[in-house]
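Undergrad: Quick one: structure below, then a few questions.
Residue numbers (the numbering used here): 10 to 477.
Written as structure tokens, this is what we have:
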């Protein structure tokens, strides 16, 4: 490292992507500092204990941990293979529709057969669709950036119920309606989170970021937790470092794993940001947020669903109606949800996509909505309320407070074709030595996606560093 800088790289945010990026940079011999506003690493991929119960905060499972998965590849390269203790649910996901159940089994052929049994008139189309998902690689993805997932489904199927069932978990895992959602994102989620999904860390989701942070420190990386970066200093098109607790820390490179709006519109002086780029940021649409219930259950309730599969409750087949209610803020009538029971059957997580609304709304309605959504959950789990000994919730305002994500967005920017790979909001930015990683890059979503991005951003920086 040149004596000109305090660090080769400073990373803002210890989300999964920032941690992966830091591990690769430290392994390459770069002096690297990760700064995180919270006391624990992980962003949305964290866990907490409350009321004597243990809960995963937001992320409820992982994908891409199969033999060729993105996360598996990164764990191997970082010499962490076998150190993340995971179990895989089979089925990983179950869609509970009004007139049927569809399971996503670890065996793809079994999943395909179940879809064919449920929709026999579409049997050959179902086989073709899942063959496409299975064999989609590399350049096959490029055309998918320009079309919606709905248009892709329309090419294969005519049965609207089938298209809704196929779309439903994608809506929940991306926070946006499939009429507008990028086919690129939907296919990626299918391959890495549904067809290779259902992996749960035995000790809770917090184990994954903790493992990465410990590896980062083993390789010489430094971390400052419970520390907020207020300013990124710049000169021309170069960033010079950050201001932390009143002190300036210089760096050859800065990586932001934080909210992109906060990075450019709050941390950097406004005079340094071109008006046209500010306008781009102002016009981009974030994904929806979530309302998440955390329920502690007494030890005498055998009415909970068996196993820890992710249960997707689909009350009807009108997905446009569901997303219209979510987007316009008709919170009381959000009737669909995901439910996940912990392995020890003592805690339950339940979420539904929700708009941000405002702080006052959630302050006034949080308690009422907790009870309302418990009642709605009893459509799937009768008598649930009689066995709840602890209840709390995270609102979109809570999610915003945890991560500073714009409008509590659960998945960064909404992944629609017009917001795919936006110039200046990929890993490279309008500053020559400021990089982005994570789901605000307009490239990928989900844990497998941000793991890939952390590695990719790090390798770009390492290449430039070694060349220079």
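Cβ atoms here follow ideal geometry from the backbone N, Cα and C, with glycine treated the same way.
What you are looking at is a predicted structure, and each value in this text was computed from that prediction instead of being measured.
1. According to DSSP, is residue 311 part of a helix, a strand, or is it coil?
2. Following the continuous beta strand (DSSP E) through residue 321, name the residue where it begins and the one where it ends.
3. Kindly list the residues whose CB is nearer than 6 Å to the CB of residue 6, restricted to its own chain and excluding five residues on each side of it in sequence; keep chain order.
4. Applying the criterion that 16 or more other CB atoms from any shown protein chain within 10 Å of the CB defines a buried residue, is residue 224 buried or exposed?
5. Using the C-alpha atoms, what's the distance from residue 97 back to residue 21?
6. Have a look at 298, 153, 260, 331 and flag the residue whose alpha-carbon is nearest the alpha-carbon of residue 17.
7. Buried or exposed: residue 128, going by 16 or more other Cβ atoms within 10 Å of its Cβ?
8. Could you give the DSSP three-state label for residue 419: helix, strand or coil?
9. Does the beta-carbon distance from residue 323 to residue 104 come in below 8 Å?
10. Can you tell me which of the three DSSP states residue 32 falls into?
11. Given a cut-off of 8 Å on the beta-carbon distance, is the pair residue 27 and residue 266 in contact?
12. Would you call the region 144-162 in contact with the region 183-200, where contact means no fewer than 3 C-beta pairs closer than 8 Å?
13. Can you tell me whether residue 387 is buried or exposed, with buried defined as 16 or more other CB within 10 angstroms of its CB?
14. Write down the C-beta distance between residue 307 and residue 398 rounded to the nearest angstrom, noting that I regard them as a contact closer than 8 Å.
15. Determine the extent of the alpha helix (DSSP H) in which residue 177 is found, giving its start and end residues.
16. Would you be able to state if there are at least three C-beta pairs under 8 Å between the region 271-288 and the region 368-377?
17. Evaluate residue 333 with the Cβ neighbour count: other Cβ atoms within 10 Å of its Cβ, from every protein chain shown; 16 or more gives buried, anything less gives exposed.
18. If we call anything under 8 Å between Cβ atoms a contact, is residue 210 one with residue 216?
19. Using CA coordinates, which residue listed in 125, 342, 445 is at the minimum distance from residue 436?
20. For the ligand FAD, any of its heavy atoms closer than 7 Å to the Cβ of residue 293?
21. Ends of the beta strand (DSSP E) at residue 41?
TA: Working from what's here:
1. coil
2. 319-322
3. The structure shown has nothing for residue 6, since the chain only spans 10 to 477.
4. buried
5. 32 Å
6. 260
7. buried
8. coil
9. yes
10. helix
11. yes
12. yes
13. exposed
14. 5 Å
15. 169-183
16. no
17. exposed
18. yes
19. 445
20. This structure simply doesn't include the ligand FAD, nor any ligand for that matter.
21. 41-44
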